[in-house]
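Following this line, the structure appears as structure tokens:
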């Protein structure tokens, strides 16, 4: 019996050279960052104890994203609207 990898099944019929991740597509990278900021801000607003005790270490990235979302909320909102219109227009 022949073994087939999951990536071969998933990418069957597509060109692997045309597949890009969010790290290599700038617009997708910005969308991921904006979604991360918005999600962390929402979690911090609804349950602050989840992020407040993680101010150091690798999980501090989420606390910092929540802080950016709180302090720069008008700019984050404008960025979300721009990304939404760009996504809808393409």
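Residue numbers (the working numbering): 150 to 239.
All C-beta atoms, glycine included, are put in the ideal place defined by N, C-alpha and C.
- For residue 196, the secondary structure class from DSSP, reduced to helix, strand or coil, is coil.
- Linking residue 238 to residue 230 through their CA atoms gives a straight-line distance of about 12 Å.
- Taking 8 Å as the cut-off, the Cβ atoms of residue 199 and residue 192 count as close.
- Cα atoms of residue 216 and residue 224: separation of roughly 13 Å, rounded to the nearest angstrom.
- Listed in chain order, the non-local C-beta contacts of residue 190 below 7 Å within the same chain comprise 215, 218 and 219, local neighbours out to five positions each way being set aside.
- Residue 185 sits in a helix when the DSSP states are folded into three classes.
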